[in-house]
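Following the working numbering, the numbering of the sequence shown begins with 1289 at its first residue and continues without gaps. Ideal placement from N, C-alpha and C gives every residue a C-beta, glycine not left out. Here the structure is laid out as structure tokens; the discussion comes afterwards.
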Amino acid sequence: MKILVTGGTGYIGSHTVVELQNEGYEVVIIDNLSNSDRTVVDSIAEITNHVPVFEELDLVDRAATFACIEKHKDIVGVIHFAALKAVGESVEKPLLYYYNNLTSLINLLLAMQKFDLQNFVFSSSCTVYGQPDQLPVGEQAPLKKAESPYGNTKKISEDIIRDSVDAGSMNAISLRYFNPIGAHDTALIGELPLGVPNNLVPYITQTAIGKRDHLKIFGKDYSTHDGTAIRDYIHVVDLARAHVVAVKRMLQGNSKIPFEIFNLGTGNGFTVLEVIKAFEKVSGEKLNYQFTGRRKGDIEKVWADTSFANQELGWKAALGLEEMMLSAWNWELALSNRFT
Ligand code: NAD
Ligand code: UDP
């Protein structure tokens, strides 16, 4: 069975392609390589002994998107990762984010409608909850005003998908990720941040390897047990596996309603200092860090209520914080060997 994975050479997409191929699915990747590298296709092939089909194209180009979907009309499901994702950049270039993320989605849904494709999985984010009033946060929690144009593209995308499902025969599942970190245990694929990383874990590993001087911890006066902010970090391989489960659920006709939404997290929150401690323990490295003021737009604490995903999908995150940090560190070490 053939699955289309947009953004399949990216961080989460590449791990999902691996899990799909390990389960026997044929995969077609669409990616414009705006934030990833063609060599990822070779790494996926090395891990799985199977080369996915790779179509380099920009989903903003409707004619090219239609032609590609027509060529692969036997696709039975679509997982849509392709998007721009840098929160800070989205504040500076909102139109780029709305244009890229929403036009890509609309073109893809139009193509699915035209060629009668049924099953759609979307990459959403816990950013839609903002700072929740209650923790852990469940899927029914009210959505808050987005803190950034990027976050708003996720909210708007979910509305577009819901309306499309209501109007047609398509089924969809939106997966709201908490904080994906870590890398494949082969250290052949992982996160490849362009330039200075915005996210905590790549910043930690790049600091430890000597690419950055020190980590700045944003805020030490949050109302948490050590004053630093709390997130629900999830191993990217656990996250990838949830996509395979979601696709299967739709293919087997097990969706309870045509548009389902699931939180993907571990259900455990960790502070920034706890993440650093776990990193130091598994790597044996001492991290150079300093405290600085809060980052604008950051929330204080969030972690997922995963009971709905656990019960309905029969999926549960299996890998812990230390496994996440060790795989992230091994990936950073592999990258530094690759480029020296
Ligand atoms: P990524 O940047 O590594 O992967 C996204 C891929 O999409 C890249 O390879 C990029 O080249 C491609 N792409 C972007 N615009 C495209 C277009 N117009 N046409 C074709 N390809 C295009 O990002 P990721 O971390 O793997 O994230 C995947 C998805 O998950 C995104 O939708 C992101 O918003 C969402 N998400 C990520 C996180 C996270 O922390 N990484 C958290 C929540 C949600
Ligand atoms: N963080 C930090 N220093 C950094 C990057 C992040 O202290 O250089 C903190 C950030 O304030 C947040 C947590 O680490 O509390 C996770 O940040 P990240 O950007 O990885 O994820 P997000 O803020 O999107 O949840």
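Helix, strand or coil at residue i [DSSP, three-state]
i, result
"Ile1549", "strand"
"Arg1582", "coil"
"Gly1365", "strand"
"Lys1589", "strand"
"Thr1594", "coil"
"Ile1332", "helix"
"Ile1518", "strand"
"Leu1476", "coil"
"Val1524", "helix"
"Ser1324", "coil"
"Val1484", "coil"
"Thr1559", "strand"
Buried or exposed (CB count within 10 angstroms, at least 16 for buried), residue i
i, result
"Ala1355", "exposed"
"Ile1545", "exposed"
"Val1339", "exposed"
"Asn1618", "buried"
"Gly1312", "exposed"
"Gly1439", "buried"
"Ser1457", "exposed"
"Gly1541", "exposed"
"Asp1361", "The identity of residue 1361 in the sequence shown is Lys, whereas the question assumes Asp. The residue is exposed, with fewer than 16 neighbouring Cβ atoms inside 10 Å."
Same chain only: Cβ atoms within 7 Å of residue i, ignoring 5 sequence neighbours per side
i, result
"Glu1573", "Ala1496"
"Asp1526", "Ala1605, Ala1606, Leu1607"
"Leu1630", "Missing from the structure shown is residue 1630; the chain here goes from 1289 to 1628 and no further."
"Gly1515", "Lys1508, Asp1509"
Alpha-carbon to alpha-carbon, residue j and residue i
i, j, result
"Ala1371", "Lys1432", "21 Å"
"Pro1424", "Gln1599", "16 Å"
"Val1379", "Met1400", "31 Å"
"His1472", "Asp1447", "32 Å"
"Ala1239", "Leu1405", "A query on residue 1239 cannot be resolved here, the shown segment of the chain reaching from 1289 to 1628 and no further."
"Gln1422", "Pro1430", "10 Å"
"Thr1415", "Ile1587", "9 Å"
"Tyr1491", "Phe1403", "43 Å"
"Ile1318", "Gly1426", "32 Å"
"Met1613", "Ser1445", "31 Å"
"Gln1578", "Gly1483", "21 Å"
"Asp1346", "Ile1367", "16 Å"
"Val1563", "Gly1557", "10 Å"
First through last residue of the beta strand (DSSP E) which encompasses residue i
i, result
"Asn1467", "1467–1469"
"Asn1310", "Looking at the DSSP string, Asn1310 is not in any beta strand (DSSP E); the run it does join, the alpha helix (DSSP H), is 1299–1310."
"Asn1618", "Where Asn1618 is concerned, there is no enclosing beta strand (DSSP E), although the alpha helix (DSSP H) it sits in stretches over 1609–1626."
"Lys1290", "1290–1294"
"Lys1504", "1503–1506"
"Asp1319", "1314–1319"
First through last residue of the alpha helix (DSSP H) which encompasses residue i
i, result
"Glu1344", "Taken as a continuous stretch (DSSP letters only), Glu1344 belongs to no alpha helix (DSSP H), being part of the beta strand (DSSP E) at 1341–1344."
"Ser1412", "Unbroken run through Ser1412 is the beta strand (DSSP E), 1407–1413; no alpha helix (DSSP H)."
"Tyr1385", "1382–1385"
"Phe1354", "1350–1359"
"Thr1493", "1488–1497"
"Tyr1438", "1437–1455"
Residues near residue i in its chain [Cβ-Cβ closer than 8 Å; skip 5 each side]
i, result
"Leu1321", "Thr1297, Glu1344"
"Ser1543", "Asn1459, Ile1461, Arg1537"
"Gln1309", "Val1315, Ile1332, Thr1336, His1338, Pro1340"
"Ile1291", "Leu1308, Tyr1313, Glu1314, Val1315, Val1316, Ile1363, Val1364, Gly1365, Val1366, Ile1367, Val1535"
Same chain, Cβ closer than 6 Å to residue i, neighbours up to 5 away in sequence not counted
i, result
"Val1453", "Ala1460, Pro1546, Phe1547"
"Ser1411", "Phe1369"
Residue i at chain C interface by Cβ criterion, 7 Å
i, result
"Val1590", "Included in the structure is just one protein chain, with no chain C present."
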